[in-house]
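J.: Provided herewith is a single structure, encoded as C-alpha cells, for subsequent inquiry.
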Amino acid sequence: MSEKKESYVELKNVNKSFGGFEASKDININIKKGHLVALLGPSGSGKTTILKMLAGLENADSGDIYIAGTRVNDVKPKDRGIGLVFQSYALFRYKTVYENIAFGLKIEKRDKNYIKKRVNELIELVGLKGMEKRYPRQLSGGQRQRVAFARAIATQPQLLLLDEPFAAIDTKVRKELRGWLRELINEVGITSIVVTHDQEEALELADEIILTNHGKVEQTGTPSDIYNNPKTPFAAAFLGDNSVIENISEFKGFEGIPGKAVIRPEFVNVYAQDESIEHAASVDDAVVSKVVFKGNIIELKLNIKGSEITAYRNVGQKQVIQGENVKVFIRKVFEIDDTKASS
Ligand code: ATP
C-alpha cells in the first residue's frame, strides 16, 4: 500500500558517552532496505542508545549516521523520516484511535480527504475496524500497540524504530503480535529496527540480528547464523538456553577441545538406566538434580563432571526423577575460544 521509499541505514564508527560512560563504542552497522533488524543484547548493552541516535533523540559524539544515503547527524528528529513505537510511547489519552493515527498527517497539513482515506486504510491494516472512536483506555495492550504502529507508519516514514514494543504485553498476546508485526512489516515493506533483550523475539522476527554487548556490536548475522555459528564467547553463551562448561575435554567425545564450551539442551540426549543407548561409547554418567515441568517439555538440570547442564525430555518419554542416575550423550558443543573474546 505504501510507496517504497529508498531506505538504507548506516552507522560508521559511532561513539557516544554519557559523562565518562561509553554507551556506544565504535559502532558500525549496515542495514539493507526493507529488512527487519533486531538489536539484541542484555540490559544496558547500548541498544536504546543506538536507536535514539538514529531517531535524533541523542547526538553521536563522533562518527557518521546515514539514513537513505543522507548523513543525518545534524538533521532534526522530525526531519529524519522516522516512525517510532516505544514500549512506553503512550498514545494520546484524550484522542480517539482515529485521532491518534491521524495526528502526524495533520501536522503535515495533509488535506482532509487524504487523511480520512489514509487513516481508514491503516485502521483496516492493523485490524481495528469498528474501534475508531475508542479511547486508549478502552483498548487492550495489544490493541494499543496496533494503534501505535499505525500512528508510526501513517506518514510513510523511511525507517521504523521500535523499542521493546511488546515488553508490556503478556506472553500469549505478545507471541501473536510478533507474528502480526512480521507480516505487516513485510506487507508495508518498511525498513525496521526492533530493540529487544528477548532472544526468542529476535530469532523469530528478524531478517538480521545485531548482537550488542557492553556498548559494542558483538556479532551481526541472520538468526540461524548467529544461533548456529556464534563467533565470540558472549554470543555463544547469550543465545540459547546454555550451560557453560569450563573444561569440556573431560566430556566423552570432546577430549581434543581445550578450555571452555557451551552446551545447549537441544543437543543433549538423556537416557534412563533401562533405556537403550545408541552411542554407548560416548556417554557420560550424570545425576538429575532438578526436574521442571514446562508444559510442552520437561526441563532437567543434570550434574555431570562437576558441572550443571540443562537438558530436555519430551513429555511423552518415560519421566526421570530428581536424584536418578542417567546416561548422557552430547551431540554437539560450541567451543569458546577466549582468545577471540571482546572486552
Ligand atoms: P535496556 O534493555 O535496559 O533498555 P539498553 O541495551 O537499551 O538497555 P541503553 O539504554 O542504550 O541500554 O543504555 C546503555 C548504557 O548507557 C546504560 O548503562 C545506561 O545506564 C547508560 N545511559 C543511557 N542513557 C543515559 C543517559 N541519558 N545518561 C547517562 N547514562 C545513560
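First residue of the sequence shown: 13, per the working numbering; consecutive thereafter.
Glycine included, every Cβ here is placed at the ideal spot set by N, Cα and C.
These numbers come from a predicted model, not from an experiment.
What does DSSP give as the partner residues of Y78 in its beta bridges?
T.: Its beta-bridge partners are E22 and R83.
J.: With hydrogens ignored, establish whether the beta-carbon of F341 is closer than 7 Å to any heavy atom of the ligand ATP.
T.: F341: no, Cβ never under 7 Å from the ligand ATP.
J.: Leaving out the 5 sequence neighbours to the left and right, which residues in its chain are closer than 7 Å to H47 when beta-carbon positions are compared?
T.: Within the same chain, H47 has close Cβ partners T203, D219 and E220.
J.: Spatial neighbours of L69 within its chain, please: C-beta separation below 7 Å, excluding the five flanking residues on both sides.
T.: Hits under 7 Å: P89.
J.: Measuring alpha carbon to alpha carbon, tell me which residue in Q157, E176, L66 and L52 is nearest V21.
T.: With distances taken between Cα atoms, V21 lies closest to L66.
J.: Output the distance between the C-alpha atoms of R194 and L217, rounded to the nearest integer angstrom.
T.: Near 6 Å, if we compare the C-alpha coordinates of L217 and R194.
J.: Using the rule of at least 16 other Cβ atoms within 10 Å of the residue's Cβ for burial, across every protein chain shown, is S261 buried or exposed?
T.: It counts as exposed.
J.: For E176, which residues from the same chain have a beta carbon less than 7 Å from its beta carbon, with the 5 sequence-adjacent residues on both sides left out?
T.: Closer than 7 Å at the Cβ level, and outside the excluded window around E176, lie Q99, V207 and T208.
J.: Taking DSSP as the reference, what is the three-state secondary structure of F341?
T.: DSSP places F341 in strand when its eight states are reduced to three.
J.: Does the beta carbon of E22 sit closer than 8 Å to a beta carbon anywhere in chain D?
T.: The chain inventory of the structure shown lacks chain D, comprising one protein chain alone.
J.: Could you compute how far the alpha carbon of F30 sits from the alpha carbon of K264?
T.: Approximately 48 Å, taken between the alpha carbons.
J.: Regarding V138 and the ligand ATP, is the C-beta to nearest heavy atom distance less than 7 Å?
T.: The answer is no for V138.
J.: Within 7 Å: the Cβ of T232 and any heavy atom of the ligand ATP?
T.: Because no heavy atom of the ligand ATP lies under 7 Å away, the Cβ of T232 does not count as near it: no.
J.: Where do the ends of the beta strand (DSSP E) carrying Q155 lie?
T.: Run containing Q155: none in the beta strand (DSSP E); it sits in the alpha helix (DSSP H), G153 to I165.
J.: Taking the straight line between their C-alpha atoms, what separation do you get for L356 and T82?
T.: The structure shown has nothing for residue 356, since the chain only spans 13 to 355.
J.: Consult DSSP for L189 and reduce its assignment to one of helix, strand or coil.
T.: If DSSP states are grouped into helix, strand and coil, L189 belongs with the helices.
J.: By how many angstroms is the C-alpha of Y283 removed from the C-alpha of A292?
T.: Roughly 11 Å between the two C-alpha positions.
J.: Between which two residues does the alpha helix (DSSP H) holding T244 run?
T.: Premise fails: T244 is in no alpha helix (DSSP H) and is neither H nor E.
J.: Under 8 Å Cβ to Cβ from V345, same chain only, skipping five residues before and after it: list those, please.
T.: The residues are I257, I260, F263, F266, I269, A273, V274, I275 and F279.
J.: Since Q155 and L140 should fall inside the 8 Å C-beta cutoff, what is the C-beta to C-beta distance between them, to a whole number of angstroms?
T.: Right, the Cβ-Cβ distance comes to about 7 Å (below 8 Å), so this counts as a contact.
J.: For the putative contact between D296 and V340, defined by C-beta atoms under 8 Å, what is the C-beta separation to the nearest angstrom?
T.: Contact flag correct, Cβ pair sits at about 5 Å.
J.: Does G116 come out as helix, strand or coil in the three-state DSSP assignment?
T.: DSSP places G116 in helix when its eight states are reduced to three.
J.: Please report the straight-line C-alpha distance between S354 and K37, rounded to a whole angstrom.
T.: Reliability of the predicted coordinates at S354 is poor, the pLDDT of 44 falling under 50, and no value is obtained from them.
J.: Give a single yes or no on whether F30 has its beta carbon closer than 7 Å to a heavy atom of the ligand ATP.
T.: Correct: F30 has its Cβ closer than 7 Å to the ligand ATP.
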